[in-house]
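Protein chains in written order, with this note's numbering: chain B, 705 to 949; chain W, 57 to 247.
Beta carbons: idealized from backbone N, C-alpha and C, even for Gly.
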Amino acid sequence: MSHLGQEKLILHFYGECEDPAAVERHLSECAPCRERFAEIRSVLEAVPAVQVPERGGDYGAEVWGRLQPRLAYRRGRAWSEWIRPRAWAISAAAVLLLTVGFLAGRVWHPLGKSNIPSPAADAGDRILLAAVAEHLERSQMLLLEYVHSDRGPESAQRAQVWAESLVAANRLYRQVALAHREQALASVLDELEPVLVEIEHSSSDQPAEALAERIQSKDVLFKIKVVETQIEQRKLTTTQKTWKL
Amino acid sequence: MEVNDSALVARIQSGEGHLFRELVCRHSVQIFRLAYRITGNEQDAEDVVQETFLKAHRMLGSFEARSNFVTWVARIAANCALDQLRSRRRRDAALAPALDGDGDAPDLGAAHPEHRIFHAQLGRIVERTLEQMTEQERAAFVLRHYEQMDTNEIGRLLATSGPATRQSIFRAVKKLRLALMPLLERKGSIP
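Pasting the structure below:
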């Protein structure tokens, strides 16, 4: 008689075994497995309960109170604008102008000039970092939605439109990253691009599971998160530097 | 009559932005609980709640009306909580355990001095083991063990495949088992 693996016993403890009756049957006949299961159960039952601090009935209102000032600037704007291609074309154009300006500022900076940071350059850094962070966040949300969507015609079309709006920006940011020798960022954007392009050209008739699998197996989402965190830290550093001036 | 989440989202997407408040009020407690269980820290959990709703607000345009808003926002929260946990660990700040203070876990025999000592030790070991887990293992275990979510649901929240999620849980349990076994054996809890 072959024994049950630890994984199966853990799943059985949590009631997630595919065939619980078969496991129970085996446990009633196999002393070593019974012993092992009892041990796993003792350990997991001994784990103390988490006491989550209480939050009152008006907690939601408190959260809203803190959140509202941060959302104020968006008020009155229709959310659907965020994924409309036209709105994105305008945003992309703005980003392009900003980026060209940013690059120009860097490239034209005479080499011999002192490295004293200027508030304007730092402001440019912050804006660019914020734009890249937002791009990564949108890409991340698209991939998450794509991986977990039903991939029906509506979802596919929506994902295509969304991906289309991200591809151009992605290329632009990758070039900027390469120009600034930001290898980690460039590498993530490099990995991201074919995924976005594939989503852009996917259709509900094609099997999308392969792409979803690839997104998960290559840890694209995790890599995006790591770079996002680094950008957040850089944004903080840039802000602190500006305040010190 | 209360308007359901999907209808609210549809109206917000059409420009009635003020209705976002209703979604925040409805789901803040649930998001806080989830965030607290993953981060194990009250202030971190508060930050996660804020960050989650900010992101949800920004991303609402991508939300599909027929999806479940709570699942969607919980996915954002779980990811924010993981990020928060990573940052916190990087900063080497003390990771306050999500356990009963002093390890005084509620137990029928907790009043007895021997039991109090035992539970204090238990609490400390579990706390330390949770700290030693990777963020992914900790989140997956906490969601499975405390939130009683099934592994597929956890996978959807953490954006990991079913097998990867299960592996995280198995590794977490293995670590707990290794850490707790000596204490449980001493107490005679292991049959």
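Spatial neighbours of W:Ala235 in its chain, beta-carbon cut-off 6 Å, leaving aside the 5 residues before and after: Counting from one through the second sequence, the residue named residue 235 of chain W turns up at place 179. Excluding sequence neighbours, W:Ala235 sits near Ile181, Thr185.
B:Val892 versus B:Tyr763: straight-line alpha-carbon distance, rounded: Mapped onto the first sequence, residue 892 of chain B falls at position 188. Mapped onto the first sequence, residue 763 of chain B falls at position 59. Each residue's alpha carbon lies about 39 Å from the other.
Closest by C-alpha distance to W:Ala215, when choosing among B:Pro757, B:Ile928, B:Tyr877: Counting from 1 along the second sequence, the entry for residue 215 of chain W is found at position 159. If we check each option's Cα against that of W:Ala215, B:Ile928 comes out closest.
Cβ neighbour criterion (16 or more within 10 Å) applied to B:Pro723: Residue 723 of chain B sits at position 19 when you count from the first residue of the first sequence. Before going further, note that residue 723 of chain B is Asp rather than Pro in the sequence given. So B:Asp723 counts as exposed.
Assumed close pair W:Arg93, W:Val198 - CB separation to whole angstroms, cut-off 8 Å: Here residue 93 of chain W is taken as the residue at index 37 of the second sequence, counted from 1. Here residue 198 of chain W is taken as the residue at index 142 of the second sequence, counted from 1. About 5 Å separates the beta carbons of W:Arg93 and W:Val198, which is inside the 8 Å limit, making them a contact pair.
Member of B:Ala867, B:Val865, B:Leu848 whose CA lies at the smallest distance from the CA of W:Arg212: Here residue 212 of chain W corresponds to residue number 156 of the second sequence, with the count starting at 1. That would be B:Leu848, whose Cα lies nearest to the Cα of W:Arg212.
The stretch 97 to 108 of chain W in contact with the stretch 57 to 68 of chain W per 3-pair CB rule at 8 Å: Using a Cβ-Cβ distance cut-off of 8 Å, the stretch 97 to 108 of chain W and the stretch 57 to 68 of chain W are not in contact, since fewer than three pairs of beta carbons, one from each stretch, lie closer than that value.
Neighbour flag for W:Leu164 against chain B, beta carbons, 8 Å: Locating residue 164 of chain W in the second sequence gives position 108, counting from the first residue. For W:Leu164, the pLDDT reaches just 39, beneath the cut-off of 50, and the residue's location in the model is therefore unreliable, although a value from the coordinates is still provided. Chain B contact via Cβ: absent.
W:Phe226 in three-state terms, based on DSSP: To locate residue 226 of chain W, count along the second sequence from 1; it is residue 170. DSSP, read as helix, strand or coil, puts W:Phe226 in helix.
Anticipated Cβ contact below 8 Å, B:Ala890 with B:Arg878, distance rounded: Position 186 of the first sequence holds residue 890 of chain B. Position 174 of the first sequence holds residue 878 of chain B. Sure, about 6 Å apart at Cβ, within 8 Å.
At least 3 beta-carbon pairs within less than 8 Å: the stretch 898 to 905 of chain B vs the stretch 201 to 212 of chain W: Three or more beta-carbon pairs separated by less than 8 Å are not found between the stretch 898 to 905 of chain B and the stretch 201 to 212 of chain W, which leaves the two stretches without contact.
Short Cβ contact (8 Å threshold) for B:Ile935 with B:Val851: Counted from its first residue, the first sequence places residue 935 of chain B at position 231. Counted from its first residue, the first sequence places residue 851 of chain B at position 147. Contact: no.
Extent of the continuous alpha helix (DSSP H) run through W:Phe125: Walking along the second sequence from the start, residue 125 of chain W turns up at place 69. For W:Phe125, the enclosing alpha helix (DSSP H) begins and ends at 125 to 146.
Interface partners of B:Val836 on chain W, CB under 7 Å: Here residue 836 of chain B corresponds to residue number 132 of the first sequence, with the count starting at 1. Taking a Cβ-Cβ threshold of 7 Å, none of the residues of chain W is close to B:Val836; the smallest such distance is about 15 Å.
Under the three-state DSSP convention, the category W:Gln99 falls into: For the purposes of this step, residue 99 of chain W is taken as the residue at position 43 of the second sequence. Here W:Gln99 sits in helix by DSSP.
Beta-carbon neighbours of W:Ala215, restricted to chain B and to distances below 7 Å: Within the second sequence, the letter at position 159 stands for residue 215 of chain W. Neighbours of W:Ala215 across chain B, judged by C-beta separation under 7 Å: Leu848, Val851, Leu925.
B:Ser732 burial status per 10 Å Cβ neighbour count (16 or more: buried): For the purposes of this step, residue 732 of chain B is taken as the residue at position 28 of the first sequence. B:Ser732 comes out exposed.
Test item: CB-CB of B:Glu711 and W:Phe226 under 8 Å: Position 7 of the first sequence holds residue 711 of chain B. Position 170 of the second sequence holds residue 226 of chain W. Their beta carbons are under 8 Å apart, which means B:Glu711 touches W:Phe226 by this criterion.
Cβ-Cβ separation, B:Val930 to B:Val899 (assumed contact under 8 Å), whole Å: Along the first sequence, read from residue 1 onward, the residue named residue 899 of chain B stands at position 195. Along the first sequence, read from residue 1 onward, the residue named residue 930 of chain B stands at position 226. Not quite, the Cβ-Cβ distance comes to about 16 Å (not below 8 Å), so this is no contact.
When B:Arg729, B:Val727, B:Cys734, B:Arg759 are compared against W:Arg82, the one with the closest alpha-carbon: As a working mapping, residue 82 of chain W is identified with position 26 in the second sequence. Among B:Arg729, B:Val727, B:Cys734, B:Arg759, the Cα nearest to that of W:Arg82 belongs to B:Arg759.
Collapsed DSSP secondary structure at W:Glu58 in the structure displayed: For the purposes of this step, residue 58 of chain W is identified with residue 2 of the second sequence, where counting begins at 1. Correct three-state label for W:Glu58: coil.
Whole-angstrom distance between W:Gly96 and W:Arg144, CA atom to CA atom: One-based indexing of the second sequence puts residue 144 of chain W at position 88. One-based indexing of the second sequence puts residue 96 of chain W at position 40. Each residue's alpha carbon lies about 11 Å from the other.
Endpoints, alpha helix (DSSP H) assigned at W:Ala215: Here residue 215 of chain W refers to the residue found at position 159 when the second sequence is read from its first residue. Here W:Ala215 belongs to no alpha helix (DSSP H), and DSSP marks it neither H nor E.
DSSP three-state assignment for W:Phe109, whether helix, strand or coil: Position 53 of the second sequence, counted from the start, is the residue given in the question as residue 109 of chain W. If DSSP states are grouped into helix, strand and coil, W:Phe109 belongs with the helices.
8 Å CB neighbourhood of B:Gln844 in its chain, flanking five on each side removed: Residue mapping note: residue 844 of chain B aligns to position 140 of the first sequence, counting from 1. Excluding sequence neighbours, B:Gln844 sits near Leu925, Ile928, Lys929, Glu932.
Straight-line gap, B:Ala753 to B:Ala860 (C-alpha atoms, nearest Å): Here residue 753 of chain B refers to the residue found at position 49 of the first sequence. Here residue 860 of chain B refers to the residue found at position 156 of the first sequence. Separation of B:Ala753 and B:Ala860 (C-alpha to C-alpha, rounded to the nearest whole angstrom) is 43 Å.
Which listed residue (W:Leu79, W:Arg146, W:Ala91, W:Ile132) has its alpha carbon closest to that of B:Ala765: As a first step, residue 765 of chain B must be located in the first sequence, where it is residue number 61. It is W:Leu79 whose Cα lies nearest to the Cα of B:Ala765.
DSSP three-state assignment for W:Met205, whether helix, strand or coil: Position 149 of the second sequence holds residue 205 of chain W. Three-state DSSP puts W:Met205 in coil, outside helix and strand.
Supposed close pair W:Glu193, W:Ala228 - CB separation, criterion 8 Å: Taking the first residue of the second sequence as position 1, residue 193 of chain W is located at position 137. Taking the first residue of the second sequence as position 1, residue 228 of chain W is located at position 172. In this structure, W:Glu193 and W:Ala228 form a Cβ contact; the two beta carbons are roughly 4 Å apart against a cut-off of 8 Å.
Exposed unless 16 or more other CB atoms sit within 10 angstroms - verdict on B:Gly761: Along the first sequence, read from residue 1 onward, the residue named residue 761 of chain B stands at position 57. Residue environment: B:Gly761 is assigned as exposed (fewer than 16 neighbouring CB atoms within 10 Å of its CB, all protein chains considered).
Supposed close pair W:Ser84, B:Val767 - CB separation, criterion 8 Å: What you label residue 84 of chain W is simply residue 28 of the second sequence in a count that begins at 1. What you label residue 767 of chain B is simply residue 63 of the first sequence in a count that begins at 1. With a Cβ gap of about 4 Å, W:Ser84 and B:Val767 count as contacting.
Closer than 7 Å at the beta carbon, the chain B residues around W:Val105: The count along the second sequence starts at 1 and reaches residue 105 of chain W at position 49. At a C-beta separation below 7 Å, W:Val105 has these neighbours in chain B: Val767.
From W:Leu141, W:Val59, W:Gln188, W:Lys111, residue whose alpha carbon lies closest to that of W:Trp128: For the purposes of this step, residue 128 of chain W is identified with residue 72 of the second sequence, where counting begins at 1. For W:Trp128, the nearest C-alpha among the options comes from W:Lys111.
Nearest candidate by alpha-carbon position, reference B:Leu832, set B:His884, B:Ser869, B:Ala914, B:Gln864: For the purposes of this step, residue 832 of chain B is taken as the residue at position 128 of the first sequence. It is B:His884.
Minimum Cβ-Cβ distance from B:Val756 to chain W less than 8 Å: As a working mapping, residue 756 of chain B is identified with position 52 in the first sequence. Closer than 8 Å to some Cβ of chain W, the Cβ of B:Val756 qualifies, so yes.
Spatially closest choice to B:Gly709 from B:Arg740, B:Tyr718, B:Ala726, B:Glu728, by CA coordinates: Taking the first sequence and counting its residues from 1, one reaches residue 709 of chain B at position 5. Nearest option by C-alpha distance: B:Arg740.
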